[in-house]
Amino acid sequence: MALRITTWNVNGIKNPFHYHPWSSEKSYHVMFDILEADIVCFQEIKIQKKDMTDDMVLVPGWDSYFTFPRYKKGYSGIAIYTRNSKCRPLKAEEGITGFLEPPSQPGKTYISLPPDESIGGYPELSKDKALHLDSEGRAIILDFGSFVLIGTYCPAPSDPLRDSYRNAFVDAVFERAKLLITKHNRKVVIVGDLNIARHENDIAETTELMKEYNMGTWLCTPTRIALDRLLLPHPEGIMIDLCREYFPDRMGMYTCWDVKKNKRPGNAGSRIDYILCSSNMASWFLAANIQEGLLGSDHCPVYADLKSMVEISGCLHHLLDVVNPEGAYREGKQVSPKMTLPSPPKLCMRMFPEYRLRQNIKEMFFNMRPSITVPSTAKKRKRSSQQTLENFLKAKQCHVSKDDEVTSDSPPTENSMFKNKPTVERAKLSFATKSTDTPGVAFDYKEAWAEQRKIFLDMSKADWTRRRGHDEIRPKNRVEM
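Using the working numbering, the letters of the sequence shown correspond one by one to residues 5 to 485.
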C-alpha cells in the first residue's frame, strides 16, 4: 500500500473524541495514524469557521481544507486532510459548481479562472442555482495531477420539501465527475456520504421499507437511478463502487446505523458511504473495505488502498511520483527533505492569515536551536573559583610595577577577583621571588595572591574614589611582589 484514502461522516468534528480509542489522546494526528490514512475526508463537521481551533487546522505533518455552510451555521460541512509526506494537491476548489469565490481573489470565481488555474469539468448551471447548491458546504475538490478527488456530503432524504435540492445536488456531483472523465480525460475519485443505498443488499429491512413506501422496485428514486447509471455494470456507467468490487455479495456491509434506536449492535443499518473511482484507474487500487468496528459516530470509516506502482499511458510509475509536485519524489522516494516545494493551494487552511501567523509562531519555537552547540561527547566541568584563579595566574607570569594604574570603574569585590578580567589592566604578577631578589626561586603564589586580595578589599570607598580621581596617592600597605 502506497496511499490510503479514508472517508468518514463524523457527525461533528469533535464527536469521535468521546469514543475509544480516540478519547485517550484526543488528537487528530493520532487519529489519522490509527486509521493508517494518508487522505482523510470528513463529512458533517458541524462547525463554524470562527469556532475552529488550531488543533483542527494545524495538524503536524498534514494540510487541511474546509468548507462551511453559508447560511445555516453549525450544519453540514466538509474537511479533507492530506499527509504532507505522501501527497500534496496542486489545486483545490470549494463547492461543486465552480461559482464560489477563491480565497484572496474577490470578484472572481473558479469557473472564470484560466485553465491552468482551474480544475475544469463544470456543469452548465445558472449562477443563482449554482450558488444555491453550493451554499451548504457540501463539496471540496482536490487535484493531485494524476487524479481528481471529490469529497462530498449529499443531502439526506429526510425532508420531502428538500427533494428538489437533493436531486439537483446529486446530479451536479455526478455531472462534474462525468465531464472530468469524458471531456478532460481525467481520473476521478468520489468519496463521502452520498446518502444513497444503491441496491437492496445495501440496506437492512429492505422488504419492510418497500412496503412502507409502496415501492414496486428498489431503483425507483431519482438519486438511486442516478447512482446506478454512474456505476458499472450499467451500460452508461463510467465509475466503480470499490467496496462492491472486492465484496460483491457480502451481506450486512453497512456504514450507517440509527443510534437513537440502538440499531448498531444488531447491525441493522445501511451502506450509504462510498469510495468510487473512474474505470480508467480501477487497476490503481488493491483493496477497499469498511471499518465497522471503529466507533466515533453513527457512521463508520470506509477506506481504499492504492498500489505503490500504477500504470499511466502504458508505463508503470511510482504512485508517490505522480501525486506530488513534479520533482519532489523520484522512484517513490522523496528527493530531499530540504527541497523547496510550491506552496499548497490557497484553499489550504494554513495559508489563511489567521492561521498562518499562529503557525509561524509555533514553527519559531519548534525550530529554535541553541546559539552555542556543546559537543555530545564533551562533559561540562564545573571548575571551582580557585582552579580558575590558578589558571589565570599561571598565564600571567610578570611583575607588578609601581606605575600601574587601576582602571576598574567600581571598587574591587571578591567576585571580581575571580573573574577572567583582572581589576588591574596591566597585571604583571610574578612568582619569581619570595623573601629575596634571587630570580627563579619559586614561592607560594596562592598565599601571596590571598594577601594581595585582602589588601584590595580592605581599602575604603573614599580611598578608592580618590584613586579614580587621578590621585597619585597609593595604599601605604601595598606589597610589591
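Ideal Cβ positions, reconstructed from N, Cα and C, are used throughout, including at glycine.
Bear in mind that the values here come from a model prediction, so they are computed numbers and not experimental data.
Quick check: the Cα distance between residue i and residue j, rounded to an integer number of angstroms?
i: L236; j: T11; result: 21 Å
i: K131; j: V306; result: 34 Å
i: R360; j: E98; result: 20 Å
i: G218; j: T225; result: First, the residue type needs correcting, since residue 218 is Asn and not Gly in the sequence shown. Distance between the alpha carbons of N218 and T225 is about 12 Å.
i: R430; j: S340; result: Below a pLDDT of 50, predicted positions are generally treated as unreliable, and R430, at 38, falls in that range; the measurement from the model is reported next regardless. Answer to the nearest angstrom: the Cα atoms are 56 Å apart.
i: F356; j: H203; result: 42 Å
i: A291; j: F251; result: 10 Å
i: Y126; j: T101; result: 6 Å
i: N13; j: L129; result: 28 Å
i: H491; j: W26; result: Past the edges of the chain, shown from 5 to 485, lies residue 491, and the structure says nothing about it.
i: E335; j: T211; result: 52 Å
i: M285; j: N189; result: 11 Å
i: L345; j: C352; result: 15 Å
i: L324; j: R8; result: 12 Å
i: R248; j: I294; result: 11 Å
i: I244; j: S89; result: 28 Å
i: N328; j: G270; result: 43 Å
i: P119; j: L184; result: 13 Å
i: K112; j: E121; result: 12 Å
i: T186; j: H24; result: 44 Å
i: R87; j: G81; result: 20 Å
Have a look at the DSSP bridge pairing and note the partners of residue i.
i: L146; result: A96, L153
i: I49; result: Paired residues: none, contrary to the question.
i: V314; result: H321
i: F70; result: A83
i: Y307; result: T10, N293
i: R334; result: K337
Grouping DSSP H, G and I as helix and E and B as strand, with all else coil, what is residue i?
i: T113; result: coil
i: M56; result: coil
i: D232; result: helix
i: R166; result: helix
i: R87; result: strand
i: L184; result: helix
i: A160; result: coil
i: D197; result: strand
i: R190; result: coil
i: Y32; result: helix
i: V44; result: strand
i: T344; result: coil
- Task: Scan the stretch 237-299 and note each continuous beta strand (DSSP E) run of 3 residues or more that stays entirely inside, going in chain order.
- Result: 243-245, 277-282, 289-294
- Counting Cβ pairs, one atom from each stretch, are 3 or more of them under 8 Å apart for the stretch 255-268 and the stretch 280-289? no
- Can you list, in chain order, the stretches of the beta strand (DSSP E) that have 3 or more residues and sit fully within the stretch 204-231? none
- Do the stretch 151-159 and the stretch 187-197 make contact, defined as three or more Cβ pairs closer than 8 Å? yes
- Query: Are the stretch 32-45 and the stretch 70-78 touching by the rule of at least three beta carbon pairs closer than 8 Å?
  - Reply: no
- For the stretch 54-68 against the stretch 169-179, are there 3 or more C-beta pairs whose distance is under 8 Å? no
- Item | Segment contact flag, the stretch 116-126 with the stretch 180-187, C-beta cutoff 8 Å, min 3 pairs | yes
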